[in-house]
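Residues are numbered in my numbering as their position in the sequence shown, beginning at 1, plus a constant of 556. For each residue, glycine too, the CB sits at the ideal point set by N, CA and C. No experiment lies behind these values; they were computed from the predicted model shown.
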Amino acid sequence: MRLPLIPPAALTDEQKPLYADMKSGIEKNFKGFATVGAQGELLGPWNPWLHAPKFGGPIWELTKAMSEAPSLPRPVREVAILVTGAHFHSAYELYAHVIAAEQRGLSDDTLATIVAGQRPGDLPRDQAVAYDVAAALVGGGVLPELSYRQAVQAFGQQGTAELIYLVGLYCMVSTTLNGFDVPVPEAG
557 MRLPLIPPAA LTDEQKPLYA DMKSGIEKNF KGFATVGAQG ELLGPWNPWL
607 HAPKFGGPIW ELTKAMSEAP SLPRPVREVA ILVTGAHFHS AYELYAHVIA
657 AEQRGLSDDT LATIVAGQRP GDLPRDQAVA YDVAAALVGG GVLPELSYRQ
707 AVQAFGQQGT AELIYLVGLY CMVSTTLNGF DVPVPEAG
């Protein structure tokens, strides 16, 4: 890990409101995996964002916007996030979202296949579309027209936009985690 965890007592005046907002949002939207350390430090991508509130604050606002009342079904979201995390080999991302995907009913076989960078053959149609869109976007270049049309058919125009923005956000999350070498929390 390249940035030390920041205990609440060591927060600057600029960091305190961001910390409070992140902690509240984490408790509401990111359950099931380790997000807060023993002394109240924020783990995962939140620690680097807290170190640089000028950049971390706007990223957190986007994260909240994407997490609160999404229109896409939760399993669909998790498939797209895991495709992105697998592409970037982002250990914390995969750790956290495998847990989240399990909570949303995805099987171990499905998760293992996605984490290995492969498309499971038995995905429900909406999850398969999400997989294809996410894989195409992280692969670079323009999203193929057929994939775009399938997403619009499955999720509508607004849902397709949400899916595209979700993949973009988790590219940033994965890059943050990899750039600052954020580890998977130790089992406690």
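Separation of residue j from residue i, as counted between CA atoms
i	j	result
C727	Y704	19 Å
L719	M578	23 Å
A576	F736	22 Å
Q706	T568	47 Å
G612	D664	33 Å
P676	L662	11 Å
A710	P609	37 Å
M557	D678	37 Å
V635	G596	30 Å
G743	A647	Sequence inspection shows Ala at residue 743; the Gly mentioned does not correspond to that position. Answer to the nearest angstrom: the Cα atoms are 14 Å apart.
V740	L702	37 Å
Environment of residue i [buried if 16+ CB atoms lie within 10 Å]
i	result
G600	buried
E649	buried
Beta-bridge pairing of residue i - partner residues as DSSP gives them
i	result
V592	L598
Residue i: first and last residue of the uninterrupted alpha helix (DSSP H) it sits in
i	result
D577	Q571 to N585
H643	R630 to F644
G712	E701 to G735
I615	P609 to S623
A647	A647 to Q659
Residue i: CB within 8 Å of a non-hydrogen atom of the ligand HEM
i	result
G600	Summarising the ligand content, the structure contains no ligands, and the ligand HEM is consequently not present.
| Residue ranges of each alpha helix (DSSP H) run of no fewer than 4 residues wholly in the segment 663-691, ordered along the chain? | 664-671, all fully within the segment 663-691.
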